[in-house]
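One structure below.
Residue numbers (the working numbering): 223 to 635.
Here it is, written out as structure tokens:
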């Protein structure tokens with residue numbers, strides 16, 4: 223009887239499990255082993271989306287979908303086209319798991335419980351006889367005809383295919399075994415997806431106040447993001463802030479996370495257009511109050527802004543001078559906060575950096591340096607904004623690797 227080909231998957235997270243179970247399903251003759259160095263499987267899947275698991279995002283245009291990746295948007299287009307949100311939804315439906323779409327496009331299992339996804343993967347692993355080993359990882363490997371893996375428990379393991387899905391890490395030493403064993407270059411890992419710390423904030427005391435739509439920008443950095451903003455005990459958070467942290471991750475690192483944050487509470491306007499709008503309103507309705515002009519903002523925030531510019535909310539517009547309107551318009555469209563540090567967004571910790579994409583065939587996720595070595599998920603220099611995009615990259619890249627590995631396995635049977 224011909225000896226079975228062996229695939230070892232280094233990492234028991236989202237990309238690792240999805241790659242393993244699909245490779246095993248596509249080629250039942252392939253022996254698949256998952257090695258997870260901790261004793262926790264699918265840990266990020268468990269906590270994502272507040273324990274509900276934000277599986278993906280309902281974005282079915284490939285170009286628009288790839289635009290949600292600060293690093294890797296061009297390189298990901300092929301694998302996203304091959305296996306995107308639509309194909310993922312169908313994959314789960316075939317396993318009797320229905321995904322629901324929320325107003326903001328995020329997709330979750332209809333059960334609202336990440337355990338639904340975890341149990342699905344564990345069932346698939348059992349169905350296709352995937353060997354899952356915890357408490358052991360890959361310390362290094364050599365490649366001749368086969369891979370010979372030196373494991374962290376001092377044992378060795380040989381395999382025909384190696385899929386690395388060890389996730390992102392802000393500690394460079396966690397990539398050393400990859401670089402030393404394969405020669406792959408690592409783009410310096412840095413945190414992405416974090417909130418902004420604003421000590422001595424002029425918004426102190428407004429914790430919990432949320433603005434539905436505001437434009438957030440950073441001094442000296444081109445990117446800006448419009449969306450919900452949340453005032454917190456330590457500074458500012460919310461989707462707009464967290465997404466901006468991803469786009470500006472490297473620039474903010476260079477600045478030591480010290481930067482002027484500007485919030486435009488009227489994102490469709492600039493200071494001049496808002497000023498003219500207020501002057502027109504004053505002409506049309508001189509008896510209306512300042513509060514009327516600011517009705518789109520939460521009450522406590524309105525009060526704070528008026529206090530900061532020394533204008534009473536209850537003043538009628540007819541009693542407000544052009545210079546006062548100018549000061550108010552400037553404050554509303556360029557509210558400045560001094561960022562001093564960051565706080566990690568724990569539900570979706572993501573690293574900017576990882577295995578350089580220049581050394582990976584992004585059609586099938588195979589190394590350009592070592593045959594039959596594959597990468598998937600956040601171990602690569604790929605990261606997305608919040609909303610299910612990082613998981614989608616994990617599913618898409620691991621599916622591409624699984625298809626290629628299983629295809630080669632079948633050819634050699």
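For every residue, glycine included, the Cβ atom is placed at its ideal position computed from N, Cα and C.
Check, Outcome
"DSSP state of residue 631 mapped onto helix, strand, coil", "helix"
"3 or more residues per run - each beta strand (DSSP E) lying fully within the segment 252-280", "253-258"
"Residue-level contact to chain C via CB, residue 515, 9 Å cutoff", "The chain labelled as chain C is not found in the depicted structure, where only one protein chain is given."
"Residue 381 in three-state terms, based on DSSP", "strand"
"Residue 583 versus residue 384: straight-line alpha-carbon distance, rounded", "15 Å"
"Where the beta strand (DSSP E) through residue 432 begins and ends", "432-440"
"Classification of residue 436 by the beta-carbon crowding that lies within 10 angstroms, buried from 16 upward", "buried"
"Buried/exposed call for residue 430, threshold 16 Cβ in 10 Å", "exposed"
"C-beta atoms of residue 304 and residue 624 nearer than 9 Å", "no"
"Whether residue 370 touches residue 256 by CB criterion (9 Å)", "no"
"Outcome for residue 517 when other beta-carbon atoms lying within 10 angstroms are tallied against a minimum of 16", "exposed"
"beta-carbon residue 262 near the ligand MN non-hydrogen atom, thresh 8 Å", "You won't find the ligand MN in this model; it holds no ligand whatsoever."
"Residue from 622, 634 and 609 whose Cα sits closest to the Cα of residue 324", "609"
"Residue 531 in three-state terms, based on DSSP", "coil"
"Cβ contact check for the segment 464-483 and the segment 436-448: 3 or more pairs under 8 Å", "yes"
"Touching by the beta-carbon criterion (3+ pairs, under 8 Å), the segment 276-290 and the segment 248-255", "no"
"Secondary structure, alpha helix (DSSP H): runs of 4+ residues fully inside the segment 287-370", "299-304, 307-316 and 336-349"
"Option nearest residue 580 by Cα separation, candidates 540, 591 and 451", "591"
"As assigned by DSSP and simplified to three states, the class of residue 429", "coil"
"Assumed close pair residue 515, residue 500 - CB separation to whole angstroms, cut-off 8 Å", "6 Å"
"Span separating the alpha-carbon of residue 547 from that of residue 598", "54 Å"
"Residue range of the unbroken beta strand (DSSP E) whose run includes residue 243", "Unbroken run through residue 243 is the alpha helix (DSSP H), 236-248; no beta strand (DSSP E)."
"Other residues of its chain near residue 340: CB distance less than 7 Å, five sequence neighbours each side excluded", "264, 267 and 268"
"Residue 462 and residue 605 closer than 9 Å at C-beta", "no"
"Residues near residue 338 in its chain [Cβ-Cβ closer than 7 Å; skip 5 each side]", "319 and 331"
"Beta-carbon proximity check, residue 503 vs residue 539, cutoff 9 Å", "yes"
"Beta bridge counterpart(s) of residue 547 as assigned by DSSP", "Residue 547 is not bridged to any residue."
"Element boundaries [alpha helix (DSSP H), containing residue 497]", "493-506"
"Length at least 3, wholly inside the segment 441-479: the beta strand (DSSP E) runs in chain order", "443-453 and 457-459"
"Between the CA atoms of residue 505 and residue 288 - distance to the nearest angstrom", "47 Å"
"Contact the segment 553-565 vs the segment 412-423: 3+ CB pairs below 8 Å", "yes"
"Limits of the beta strand (DSSP E) - the one that residue 515 falls within", "Looking at the DSSP string, residue 515 is not in any beta strand (DSSP E); the run it does join, the alpha helix (DSSP H), is 512-515."
"Per-residue DSSP class, three states only, for residue 608", "coil"
"Residue environment, residue 270, which counts as buried when at least 16 other CB atoms sit within 10 Å", "buried"
"Helix, strand or coil at residue 374 [DSSP, three-state]", "coil"
"Buried versus exposed, by CB contacts within 10 Å (16 or more), residue 228", "buried"
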